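One rule links them: number in the working numbering = place in the sequence shown (from 1) + 886.
Only one structure is covered here, and it is reproduced in the block below.
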Amino acid sequence: MNDRLTKRLLIDRYKANEYAVYLIGWILLFCIPLITQFYSGGSIRYDRLVRGWVHLLPFLAVFFINDSILMPFLFLKGKKTIYLSIVACILLTVWFGINPPPRPTLAGVTLPAPPVEMFRVTNVVMAACAILANLAIKMYFISHRKDMEILEVKNEQMKSELESLKYQINPHFLMNTLNNIQSLVEIDPVKAYETIQELSKMMRYVLYDNKSHKVPLRREVEFIENFIALMRLRYPEQVVITMNFQEEAGNVEVPPLLFITFVENAFKHGISYKENSLIAIDFTLDDDKLIFKCMNTNPKKNAQPDRNGGIGLENVRRRLELLYHGRYNLNIDNRVENYLVELEITIK
């Protein structure tokens, strides 16, 4: 109901603007006889002024017929042949139907008048201009309104797709976390309880705190810190995890759950129980650019080609393209010894 009301108000606004243009145009035309007498000098002769206004009335009638009947019922319905035929008949009517005014006299002597053919040609041109101006203005407003409607549809489609992508990320994250809890239940129930508490904090953010399309980066970082705290309960001490976050970047607004996929992948592919492992996460703000880096070791000492794909990364790429088209740069460097993600977003 609200969508239909909004669309109705949008159409009414465009019609009001269209008819405002028509009103201003006709007011200016009806001012021409008055302006002509004013600049020709002498007093204003009201008989000539009224005669000039009367001469404009047929063209005003042509405009109204075209705007209220011919355009909506013929031209806009695709019946252009019938429309052009009726317009031709109207122009012929103007040619033969408007008679030239009586010749002016001066001191009882009749002055010469322009040829009748020139008078008729001028009338037809004026009628054609009224029709063409009406056609051009109406088509402009119709085209502009359609462009706005198409843009609105695209925005709604983008919002729906973004919501879909965001909720595709959540089950992916939840599946990995529940697997961690399942492993801890048998090994250390106390740690499993602590893990459930950390998971509760994170799921509260996932379910309730990120309803907006963008959230302050500070909240995203807190979410990642909770995730890291949960992961620390499972992995051995030789796993070194560092996180650098500039406080100046705290108020920068970012899409919720945008970075967690990279952090998840770092823990999934960059941790070894046998070797020293490193995960380094960095958020920096450089003028109008937010730079995110996530680096982790490659325990198997060989590049892992499958890490550049997967549902999680595809969703992140799609979200970035929808939200920051042309204003981001994502570089994934899958080296032999480490795996580096660099994401640069222009935020202004």
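Where a beta carbon is used, it is the ideal one built from N, C-alpha and C, also for glycine.
Please read these numbers as outputs of a predicted model, since none were measured by experiment.
- Residue environment for R1205: buried (at least 16 other C-beta atoms within 10 angstroms of its C-beta).
- Uninterrupted beta strand (DSSP E) stretches at least 3 residues long and entirely within the stretch 1091–1170 occur at 1125–1131, given in chain order.
- The three-state reading of DSSP puts N985 in coil, since its state is none of H, G, I, E or B.
- Leaving aside the five residues that flank A1014 on each side, the residues in its chain whose CB is nearer than 8 Å to its CB run, in chain order, L977.
- Between N1220 and E1230, the beta carbon gap of about 18 Å keeps them out of contact (Cβ cut-off 8 Å).
- If the five residues before and after V1071 are omitted, its C-beta is found closer than 7 Å to the C-beta atoms of A1078, all from its own chain and listed in chain order.
- Restricting attention to L1144, I1167, F916, the CA atom closest to the CA of L1208 is found in L1144.
- Two segments are said to touch when three or more pairs of C-beta atoms, one from each, lie closer than 8 Å; by this definition the stretch 1123–1142 touches the stretch 1166–1174.
- The straight-line gap separating the alpha-carbon atoms of F1178 and R1031 is approximately 40 Å.
- Membership of I1231 in the beta strand (DSSP E) is indicated by the continuous run 1224–1232.
- Membership of I1177 in any alpha helix (DSSP H) is not indicated; the residue belongs instead to the beta strand (DSSP E) covering 1175–1183.
- With at least 16 other beta carbons inside 10 angstroms of its own, D953 counts as buried.
- The beta carbon of Y1210 lies closer than 6 Å to those of I1231 in the same chain, with the five residues before and after it left out.
- S1163 and M1061 have their alpha carbons spaced roughly 23 Å apart.
- In its chain, beyond the 5 residues on either side, M1181, N1182, T1183, N1184 have a beta carbon closer than 7 Å to the beta carbon of N1224.
- Sorting A1152, Y905, V1138, F1109 by C-alpha distance to the C-alpha of V1125 places A1152 at the top.
- If you ignore the 5 residues before and after E1228, its C-beta comes within less than 6 Å of the C-beta of K1179, N1217, all in its own chain and listed in chain order.
- At the C-beta level, N1020 and I984 stay beyond 8 Å of one another.
- Y1210 sits in coil when the DSSP states are folded into three classes, being neither helix nor strand.
- Taking N1112 as the centre and dropping the five residues before and after it, the same chain places the C-beta of E1084, K1087, M1088 closer than 6 Å to its C-beta, in chain order.
- Between F1027 and E1134, the C-beta gap is not smaller than 8 Å, which leaves the two residues out of contact.
- For R934, the enclosing alpha helix (DSSP H) begins and ends at 932–951.
- Rounded to the nearest angstrom, the Cβ distance from E1150 to G1212 is 27 Å, too far for a contact under 8 Å.
- Taking the Cα of K1154 as reference, the smallest distance to any Cα among N1065, G1136, R1006 is reached at N1065.
- DSSP places D1074 outside both helix and strand once states are collapsed to three, so it counts as coil.
- Proximity to Y1159 across I1146, R1118, E1139 peaks at R1118, based on C-alpha coordinates.
- Linking L1093 to M1025 through their CA atoms gives a straight-line distance of about 47 Å.
- In this structure, the alpha-carbon of P986 lies about 19 Å from that of F916.
- When DSSP states are grouped into helix, strand and coil, L920 belongs to the helix group.
- Taking a C-beta distance under 8 Å as the contact criterion, V948 and A1022 do not qualify as a contact pair.
- Residues P986 of the same chain have their beta carbon placed closer than 7 Å to that of F1005, with the five preceding and five following residues left out of the count.
- Contact between I1233 and V1107 does not hold, since their C-beta atoms are separated by about 15 Å, which reaches or exceeds 8 Å.
- Excluding residues up to 5 positions away in sequence, F916, P919 lie with their Cβ nearer than 8 Å to the Cβ of W939 in the same chain.
- Cβ contact annotation for V1002 (same chain, cutoff 8 Å, sequence separation greater than five): P986, in chain order.
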